[in-house]
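Read through the structure below, which is laid out as structure tokens, and then see the notes.
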Amino acid sequence: MFKKLYYAVAGDPNEKAIRRYYPVVEQINSLEPEFEKKSNAELRALTDNFRQRIQEATSNLALRLEEAEREYLDVLGTDEQKFARVEVDRIRKEMLDTEADVLEDILPAAFAAVREAGKRTLGMRHYDVQL
1 MFKKLYYAVA GDPNEKAIRR YYPVVEQINS LEPEFEKKSN AELRALTDNF RQRIQEATSN
61 LALRLEEAER EYLDVLGTDE QKFARVEVDR IRKEMLDTEA DVLEDILPAA FAAVREAGKR
121 TLGMRHYDVQ L
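For what it's worth, my numbering labels the leading residue of the sequence shown as 1, then goes sequentially.
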């Protein structure tokens, strides 16, 4: 009873979530004709392309993180340990943020590729709500 009253006042939270992702689904749908024209080899190559983009965006940060972790291990048991740990955590967060940005950029193309691969292998198309 309270749930119905809450939904009447505030709206269904599931509907709000679906509406929030609708622009991304529209982007994915707009890529569908382009991906239908790609060969199976081109679709497979997209995965490597996506991995490469993530690796390129984070390679410098990975090197900095490795160096900061080595420095942290060198100063274990000293007063500098806390500062080195903060630096390691900062670089890890920056790396995760960078990865998230790249993933957000490639998301429509990745889902369009998955949708097209599913259509070809299973003969079924993902519904918009499944994306």
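Virtual Cβ for every residue (Gly too), placed ideally from N, Cα, C.
Segment limits, alpha helix (DSSP H) that includes residue i
i: valine 136; result: This structure does not reach residue 136, given that the chain is present from 1 up to 131, and the question cannot be answered.
i: tyrosine 22; result: 13-36
i: glutamine 130; result: No alpha helix (DSSP H) holds glutamine 130; DSSP gives it neither H nor E.
i: serine 59; result: 40-74
Nonlocal neighbours in the same chain, by C-beta distance under 7 Å from residue i, ignoring five residues either side
i: glutamate 94; result: Leu61
i: histidine 126; result: Arg115 and Gly118
i: valine 102; result: Arg53, Ile54 and Ala57
i: arginine 85; result: Tyr72
i: glutamine 27; result: Pro108
i: valine 75; result: Gln81 and Ala84
i: methionine 124; result: Gly118
Alpha carbon of residue i to alpha carbon of residue j, nearest angstrom
i: proline 108; j: valine 24; result: 7 Å
i: leucine 31; j: arginine 20; result: 19 Å
i: aspartate 12; j: glutamate 36; result: 35 Å
i: lysine 82; j: aspartate 48; result: 38 Å
i: alanine 100; j: isoleucine 106; result: 10 Å
i: aspartate 128; j: isoleucine 18; result: 10 Å
i: isoleucine 91; j: glutamate 66; result: 10 Å
i: leucine 122; j: leucine 63; result: 41 Å
i: alanine 10; j: lysine 16; result: 10 Å
i: asparagine 29; j: glutamine 130; result: 12 Å
i: arginine 120; j: serine 59; result: 34 Å
i: leucine 96; j: lysine 4; result: 39 Å
Distance between beta carbons of residue j and residue i, contact taken as under 8 Å
i: leucine 43; j: alanine 113; result: 6 Å
i: glutamate 87; j: alanine 68; result: 5 Å
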